[in-house]
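Novice: One structure, pasted below without further comment.
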DNA sequence: ATGTGC
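Residue numbers (UniProt numbering): 1 to 510.
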C-alpha cells in the first residue's frame, strides 16, 4: 500500500473535526479539544478554511497525535504534504520528525534591496538583459549547477566540506565573494550539530562521505548558486512600502527602499539536501520496520526519533549540513544576482534585506522549555522585543517576514505582532497550492497566464510559463494575508510587485 | 522538492 493510499483510508475513517468543535475568535479560528483530539490551532478566514481538504486536516490530526508532539498550528496556506501538511508548525520537546521538516531542507526566501529607481527597469530591453545575465550565473532546472562564474567562486571539494560544516562563516563568505556583513541578515547564518558543535558535523560528514549515495558530493557542491525547479524562482520586484508609521519604521530597519527595485529568491538545499533527507527517511523507515515500532497513524512519512538517540543525533546533524548548504546557496545567489545587475547597470549597489527559511526545525523556548519547532511551509514570526532577536538588527521592530504570493498579486514583507505567540511565533510561507499540479494543467490555460503577465508588464525567462505554477494554481494571496493580519499574527510592511520572473520551464511542455 | 513516475 502506498503512503498516499494509507493516508486516504485514514482520511475516510476520520470523525468530523470541522464541525461543532471549532470556534471563531475574530476571523482566526481555533480547533478545540474533542474527546479524541488535543487542540490544533487553525488560522484562516472562512473562505480559507474551505480550502483545507480532508487529507490535509487528517495529516494535521495525525501529526498532532504523534508521539511527543505538544502543539500543532495550521496556517492559511496549508495543503497536503509529506506526512504533515505543508503550512503547519509542529512542536516537540522530546522528538524530532524528518517529514515535518520536509524533503527540501531549509527551503527559504531571501530579498536583495537594490539602489535602483523603478524607472531603471522600465525598458523591456534592460529587463531582457538582466534576465540573461542572471540566468547565466544562477541557472534553474533539475541537476543544473552554477555556470559562468569567476574562478574565485569555484567550489572545490575542500570548500564544499567547509561550507556544509560552517555555513556562512566569514571564511566561507570571503572564499565565495559574498559580503561578510550579509551573515547578520540571516535568520540563522549557520547551523551546529546535535551537540551544539561544528565538530559533530565534521565527523558526521566523514561518515556520510563513505556512503555510496554520497559519492556525488563534489557534484552536488557544484549546484551552489542555483535555483532548481518546481516552485523555486527568482523575481525582480518594485518595493511598495505600506503607508503607515509601523511600516515606515520597519522599512528603515529592514533597509527597504520605497519605489526601488529589489530581487526576491526562493530555493533550498538542492540535490545535497535531497540526498540527506531521503537517506534519513529510508534509514529511519527501515529501522521502524525492523523493530516493529508502530508508525503514527500508520504513516511511513511520520517516522521520528526520540531526542538523545543516535538516530536523532544523525538526523539533526544531516539537517544542519543540508541547512548550511541552503544558507550559502542563497547568499551566493544574491551575490551573483547583484553581480548580474552590476554588469547590465554599472554602479548598482545592493544589500541583503533578510534570509529566512520555511522548512526547518529550530530549537526554541516554548512554554518555558526548549523544544524543536518544526516549521514545514511555515515562517518564523518573532515580534519586537522577542528575546531571541536581542543580538540582531531587528530587536526593536521584529525581523522581516518574506512571503511569496504570485507575480500577478505581488509578494509581501511582513512583521510579527505580539499576537504571534498564539501561533508558536509563526505565519504562513506563501499562498499555498489550491490546485494540484496535474489538476492545474487540466483546468488552467496558457493564454490566461500569458495575458496576465502581459497586462501587468511582467517578463519571464520562460518561453512557456509552467501552467502548474500559474497564479490561479495558488490560493488567493490577499485572503491568505487577511487571515494572518486579522488574527493579529503579523502586519504588512511592503508589497513587492513583479517586473520579471526567473523559473524552470523545462517541464512546461508536459 | 529531486541527476523527475509503483
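A virtual CB, placed ideally from N, CA and C, is assigned to each residue, including glycine. Just so we're clear, the structure is a prediction, and the values are computed from it rather than from any experiment.
Quick check: what's the CA-CA separation for residue 501 versus residue 213?
Specialist: For the purposes of this step, residue 501 is taken as residue 501 along the first chain, with counting starting at 1. For the purposes of this step, residue 213 is taken as residue 213 along the first chain, with counting starting at 1. The straight-line gap from Cα to Cα measures roughly 34 angstroms.
Novice: How should residue 511 be labelled, buried or exposed, when 16 other C-beta atoms within 10 angstroms of its C-beta is the threshold for buried?
Specialist: As shown, the chain starts at 1 and ends at 510. That puts residue 511 outside it, with no answer to give.
Novice: Here's the rule I'm using: 16 or more other beta-carbon atoms within 10 Å means buried, otherwise exposed. How should residue 207 be labelled?
Specialist: Position 207 of the first chain, counted from the first residue, corresponds to residue 207. Its Cβ having fewer than 16 others within 10 Å, residue 207 is exposed.
Novice: Grab the span of the beta strand (DSSP E) containing residue 42 for me, first residue to last.
Specialist: As a first step, residue 42 is located in the first chain; it is residue number 42 there, counting from the start. Residues 40–42.
Novice: Identify, in the order they occur along the chain, each residue of the same chain with its Cβ nearer than 6 angstroms to the Cβ of residue 27, setting aside the five sequence neighbours on each side.
Specialist: By one-based count along the first chain, residue 27 stands at place 27. Note that residue 27 scores 42 on pLDDT, short of 50, meaning its location in the model is unreliable and no value can be drawn from it.
Novice: So, with DSSP's three-state summary, where would you put residue 379?
Specialist: In the first chain, the residue the question calls residue 379 occupies position 379. Note: residue 379 maps to strand in three-state DSSP.
Novice: I need the straight-line Cα distance from residue 195 to residue 391, nearest angstrom please.
Specialist: One-based indexing of the first chain puts residue 195 at position 195. One-based indexing of the first chain puts residue 391 at position 391. Rounded to whole angstroms, residue 195 to residue 391 spans 22 angstroms at the Cα level.
Novice: Compute the minimum distance between the beta carbon of residue 65 and the heavy atoms of the ligand MN, and state whether it is under 7 angstroms.
Specialist: In the structure shown, the ligand MN is absent, as is every other ligand, since no ligand is present at all.
Novice: Ignoring anything shorter than 3 residues, give me the beta strand (DSSP E) runs that lie fully in the segment 43–78, in order along the chain.
Specialist: DSSP runs (the beta strand (DSSP E)) wholly in the segment 43–78: none.
Novice: Could you pull the start and end residues of the beta strand (DSSP E) that residue 342 belongs to?
Specialist: Translated into positions along the first chain, residue 342 becomes position 342. Not the beta strand (DSSP E): residue 342 falls in the alpha helix (DSSP H), residues 310–344.
Novice: Along the chain, which unbroken stretches of the alpha helix (DSSP H) at least 4 residues long are found entirely within the segment 419–466?
Specialist: Runs of the alpha helix (DSSP H) inside the segment 419–466: 437–443, 446–455.
Novice: I think residue 475 touches residue 48, with their Cβ atoms under 8 angstroms apart; what is that distance to the nearest whole Å?
Specialist: By one-based count along the first chain, residue 475 stands at place 475. By one-based count along the first chain, residue 48 stands at place 48. Yes, residue 475 and residue 48 are in contact; Cβ-Cβ is about 7 angstroms, under 8 angstroms.
Novice: Between the alpha carbons of residue 312 and residue 377, how many angstroms are there, rounded?
Specialist: Working through the first chain from its first residue, we reach residue 312 at position 312. Working through the first chain from its first residue, we reach residue 377 at position 377. Rounded to the nearest angstrom, the two C-alpha atoms are 22 angstroms apart.
Novice: For residue 110, count the other beta carbons within 10 Å of its own beta carbon; 16 or more makes it buried, fewer makes it exposed. Which is it?
Specialist: Indexing the first chain from 1 puts residue 110 at position 110. With 16 or more Cβ atoms within 10 Å of its Cβ, residue 110 is classed as buried.
Novice: How long is the line joining the alpha carbons of residue 375 and residue 97, rounded to whole angstroms?
Specialist: Walking along the first chain from the start, residue 375 turns up at place 375. Walking along the first chain from the start, residue 97 turns up at place 97. Their Cα atoms are separated by approximately 11 angstroms.
Novice: Identify, in the order they occur along the chain, each residue of the same chain with its Cβ nearer than 6 angstroms to the Cβ of residue 465, setting aside the five sequence neighbours on each side.
Specialist: Counting from 1 along the first chain, the entry for residue 465 is found at position 465. Hits under 6 angstroms: 449.
Novice: Just curious, the beta strand (DSSP E) that residue 172 is in, first and last residue?
Specialist: Sequence index remark: in the first chain, residue 172 carries index 172 (1-based). Segment 170–176 is the alpha helix (DSSP H) holding residue 172; no beta strand (DSSP E) there.
Novice: Go ahead and label residue 330 buried or exposed: buried means 16 or more other beta carbons lie within 10 angstroms of its beta carbon, across all protein chains shown.
Specialist: Within the first chain, numbered from 1, the residue matching residue 330 stands at position 330. By the neighbour-count rule (16 or more Cβ atoms within 10 Å), residue 330 is buried.
Novice: Taking the beta carbon of residue 280 as the centre, do at least 16 other beta carbons fall within 10 Å, making it buried, or is it exposed?
Specialist: Here the question's residue 280 lines up with position 280 in the first chain. Residue 280 should be labelled buried.
Novice: Check this for me: beta carbons of residue 237 and residue 74, under 8 angstroms apart or not?
Specialist: Here residue 237 is taken as the residue at index 237 of the first chain, counted from 1. Here residue 74 is taken as the residue at index 74 of the first chain, counted from 1. No, these two residues do not count as a Cβ contact at 8 angstroms.
Novice: Applying the 10 Å Cβ sphere with the 16-neighbour rule, what's the burial state of residue 211?
Specialist: Walking along the first chain from the start, residue 211 turns up at place 211. Exposed, because fewer than 16 other Cβ atoms sit within 10 Å of the Cβ of residue 211.
Novice: May I have the straight-line CA-CA distance separating residue 29 from residue 140, to the nearest angstrom?
Specialist: The residue you call residue 29 lines up with position 29 of the first chain. The residue you call residue 140 lines up with position 140 of the first chain. Low per-residue confidence applies at residue 29: pLDDT is 46, beneath 50, and the placement is therefore not dependable, though the value from the model is reported in the following sentence. Near 39 angstroms, if we compare the C-alpha coordinates of residue 140 and residue 29.
Novice: Taking Cβ to Cβ, would you say residue 201 is nearer than 8 angstroms to residue 84?
Specialist: The residue labelled residue 201 in the question sits at position 201 within the first chain. The residue labelled residue 84 in the question sits at position 84 within the first chain. Not a contact, by the Cβ cut-off of 8 angstroms.
Novice: In the structure shown, what three-state DSSP assignment does residue 275 receive?
Specialist: Numbered from 1 along the first chain, position 275 holds the residue referred to as residue 275. Reduced to three states, the DSSP call for residue 275 is helix.
Novice: According to DSSP, what are the bridge partners of residue 360?
Specialist: Here residue 360 is taken as the residue at index 360 of the first chain, counted from 1. In the DSSP output, where bridge partners are listed per residue, residue 360 has 375.
Novice: I believe residue 108 touches residue 355 by the beta-carbon criterion, under 8 angstroms. Please report the beta-carbon distance rounded to the nearest angstrom.
Specialist: Residue numbering aside, residue 108 sits at position 108 when the first chain is read from its first letter. Residue numbering aside, residue 355 sits at position 355 when the first chain is read from its first letter. At roughly 6 angstroms, the Cβ-Cβ gap stays under 8 angstroms, so residue 108 and residue 355 are in contact.
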